[in-house]
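What follows is a single structure, written as structure tokens, with notes after it.
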Amino acid sequence: MAKLNTSIDMTQGSPYRLFLRFMVPLLIGNIMQQLYNLVDTIVVGNVLGETALAAVGSGFPFMFLLVALFIGFGMGAMILVSQLFGRKDHANLKKLLETIYRVLLIAAVPITVIGFFCAEPVLRLMQVHDPDTLHQATLYLRVVFLGLLGMLGFNLNAGFLQGIGDSLSSLLFLSIATVVNIILDLLFTMVLPLGVLGVAIATSIAQTVSWIYGIFYINHKYKEYRINLFKLRFDKTLLVRCAKLGLPASVQQLLYAIGNMIMQSVVNSNGKIFTAGFVTSNRVDTFVFLPILSMATAITTYVGQNVGCHDMRRVKGGIKSGLILMVSMSFAIGWLIWLLRVPALSLFNRKPEVIQTGLYYLDATLPFYSVLGLMYGLNAVFQGVGQTLVPMISASVSQCIARAIIILILVTAFGRTALYYAYPLSWVVGSGISLFYYKFGGWHDMVYNDTLTGKRASP
């Protein structure tokens, strides 16, 4: 068997060093991925105007809602990948990859059809009433859904590599996609004046190119896991295990999407200037969130690999190191970007009224990022051991129920500019639930569960 040079075996070595070695390329890769949205927003906001900016941002929650089930399934697969890699079970790893790809090719068709034909009515339900914004948002969504297979395949390749500890190769895929996206964005909006249609085409082509390149790359570098789209095996045992891990994660992603749609609907009802301010500040907020997301993936991968070899000592040591890094990092980054929030918003739109509405968002969220980091860190631990139900419960209570109630109270009592405080208040609720389970739940016992069956194995 060829040596896996760029994958990281997290079952040995210093947790701090492993986290940083895995997280840094992943963080750079996530930044590259967000450059899709960054370039789109800069081009749309400064070249096409606030109507187009509101159109691009308004459609994202619906798109995320439809792909959430597969994203959750992919999260379950990544957990299983890390556990199988931790116990050095390369044969089942290949079967798992082929099974996931088969599910992808089947699921992409109905999601694409639903997204294409339901785009306009769903946008109307989300309070997108301005005719120009509605038309452009519908056009953008339909083109993006036509390129859905490339987007899902692109993320599947990256998730598999992250599960085996190879965040460096996924960075390569993201870099290619970003460069292609930037070139095509400029071509389709400034040279060929296609408007939001050009932005959507550029993003879809970039992700598809990177997905196809990723298949060739995996086939060349990791011959043990070679992908043949025309000859994919299907393993029922692995699918069932993956579904058990992924179903709660899918529901969790759906709940996040519903929570975001609730917020987006409230924002949309306040007009396109307020919506443009929300979209702009959300882009800034997304970049601040990337270190938290990257660290959470590192924690899940570390815990998953060590659960695969049933090493409780390393699991506990890694959890302590990971949570310390997560909370301290999110606290520092949140306050740093808060100090730079005005110039950051100005990158996307220079209109004073748009910047002011964006400040309402960032002032309410950035100072409380350590709470968000704690919630994501704890949930990453639970996902790594295979307990995906608790993060789902935390999401359902905090992101949907609590957030909807808090939004209603805040808007009624203090007006629309106070609604963004629903974010940190819901994070407090979610962190409380996760902390309670971490202290009193039975997640420790799951370290000794069998990787394939999920049932208790001998320690």
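Just so we're aligned: 529 in our numbering is position 115 of the sequence shown, and the numbers increase by one with no gaps anywhere. Beta carbons: idealized from backbone N, C-alpha and C, even for Gly.
Would Asp599 be called buried (16 or more neighbouring beta carbons within 10 Å of its own) or exposed?
-> The residue labelled residue 599 in the question sits at position 185 within the sequence shown. If you draw a 10 Å sphere on the C-beta of Asp599, you find 16 or more other C-beta atoms in it, and that means buried.
Ignoring anything shorter than 3 residues or poking outside the stretch 613-671, list the beta strand (DSSP E) runs there in chain order.
-> Complete beta strand (DSSP E) runs here, min 3: none at all.
Buried or exposed for Ile641, please, with buried defined as at least 16 other CB atoms from any protein chain shown within 10 angstroms of its CB.
-> Position 227 of the sequence shown, counting from 1, holds the residue named residue 641. When all chains shown are included, Ile641 counts as buried.
Smallest Cα separation from Leu362: which of Thr622, Gly579 and Val605?
-> In the structure as shown, the chain starts at 415 and stops at 873, and residue 362 therefore has no counterpart that could be examined.
Looking only at its own chain, which residues have a Cβ that is under 7 Å from the Cβ of Gly612, when we skip the five neighbours before and after it?
-> Taking the sequence shown and counting its residues from 1, the one referred to as residue 612 is at position 198. Here the set comprises Phe602, Thr603 and Leu606.
Secondary structure at Gln770, three-state DSSP: helix, strand or coil?
-> One-based indexing of the sequence shown puts residue 770 at position 356. Of the three classes helix, strand and coil, the one that applies to Gln770 here is helix, per DSSP.
Whole angstroms is fine: what's the gap from Gln801's alpha carbon to Leu507's?
-> In the sequence shown, the residue the question calls residue 801 occupies position 387. In the sequence shown, the residue the question calls residue 507 occupies position 93. The C-alpha of Gln801 lies about 20 Å from the C-alpha of Leu507.
If you check the beta carbons only, do Gly731 and Pro429 fall under 8 Å apart?
-> Walking along the sequence shown from the start, residue 731 turns up at place 317. Walking along the sequence shown from the start, residue 429 turns up at place 15. Cβ atoms of Gly731 and Pro429: closer than 8 Å.
In terms of residue numbering, what span does the alpha helix (DSSP H) encompassing Leu781 cover?
-> To locate residue 781, count along the sequence shown from 1; it is residue 367. Strictly speaking, residue 781 in this sequence is Pro, with Leu absent from that position. Here Pro781 belongs to no alpha helix (DSSP H), and DSSP marks it neither H nor E.
Label Gly427 either buried or exposed according to how many other C-beta atoms from any shown protein chain fall within 10 Å of its C-beta, with 16 as the threshold for buried.
-> Working through the sequence shown from its first residue, we reach residue 427 at position 13. With fewer than 16 Cβ atoms within 10 Å of its Cβ, Gly427 is classed as exposed.
Rounded C-alpha distance that separates Pro662 from Ile485 = Locating residue 662 in the sequence shown gives position 248, counting from the first residue. Locating residue 485 in the sequence shown gives position 71, counting from the first residue. Rounded to the nearest angstrom, the two C-alpha atoms are 11 Å apart.
Cβ-based burial, Phe644 [other Cβ within 10 Å; buried from 16] | Mapped onto the sequence shown, residue 644 falls at position 230. That one is exposed.
Enclosing alpha helix (DSSP H) for His504 [first to last residue] | Along the sequence shown, read from residue 1 onward, the residue named residue 504 stands at position 90. That run of the alpha helix (DSSP H) goes His504 to Leu539.
Please determine, among Gln541, Ala620 and Gly577, the residue with the shortest C-alpha to C-alpha distance to Met565.
-> Here the question's residue 565 lines up with position 151 in the sequence shown. It is Ala620 whose Cα lies nearest to the Cα of Met565.
Do the stretch 691-701 and the stretch 753-764 touch if we need at least three Cβ pairs shorter than 8 Å?
-> They touch, by the three-pair rule.
Could you pull out every residue in the same chain whose Cβ sits closer than 7 Å to the Cβ of Gln678, ignoring the five residues on either side in sequence?
-> One-based indexing of the sequence shown puts residue 678 at position 264. Excluding its 5 nearest sequence neighbours in each direction, Gln678 has C-beta neighbours in its own chain below 7 Å: Ser472, Pro475 and Met540, listed in chain order.
Continuous alpha helix (DSSP H) assignments of at least 4 residues falling wholly in the stretch 717-777 | List check, alpha helix (DSSP H) in window: 726-753 and 755-760.
Contacts around Gly673, its chain only, beta-carbon distance under 6 Å, and the 5 residues preceding and following it disregarded = Reading the sequence shown from its first residue, position 259 is the one you call residue 673. Same-chain partners within the cutoff: Gln813, Cys814 and Arg817.
What separation, rounded to the nearest whole angstrom, lies between the Cα atoms of Phe657 and Asp699?
-> As a position in the sequence shown, residue 657 is number 243, starting the count at 1. As a position in the sequence shown, residue 699 is number 285, starting the count at 1. Per the sequence shown, residue 657 should be read as Ala rather than Phe. Cα to Cα, Ala657 sits roughly 31 Å from Asp699.
When the Cα atoms are used, what is the spatial distance from Thr425 to Gly500?
-> On the sequence shown, residue 425 is found 11 positions in, with the first residue counted as 1. On the sequence shown, residue 500 is found 86 positions in, with the first residue counted as 1. Distance between the alpha carbons of Thr425 and Gly500: 7 Å.
Pick from Ile629, Asn682, Leu659 and Glu464: whose alpha carbon is nearest that of Tyr515?
-> As a position in the sequence shown, residue 515 is number 101, starting the count at 1. Nearest C-alpha to Tyr515: Ile629.
CB-CB length for Ile820 against Ala809, believed under 8 Å = Numbered from 1 along the sequence shown, position 406 holds the residue referred to as residue 820. Numbered from 1 along the sequence shown, position 395 holds the residue referred to as residue 809. The pair is not a contact, with the Cβ atoms about 15 Å apart (cut-off 8 Å).
Can you give me the Cβ contacts of Ser496 inside the same chain, cut-off strictly under 6 Å, excluding the 5 residues immediately before and after it?
-> Within the sequence shown, the letter at position 82 stands for residue 496. Cβ neighbours of Ser496 beyond the five flanking positions: Gly577, Thr715, Gly718 and Gln719.
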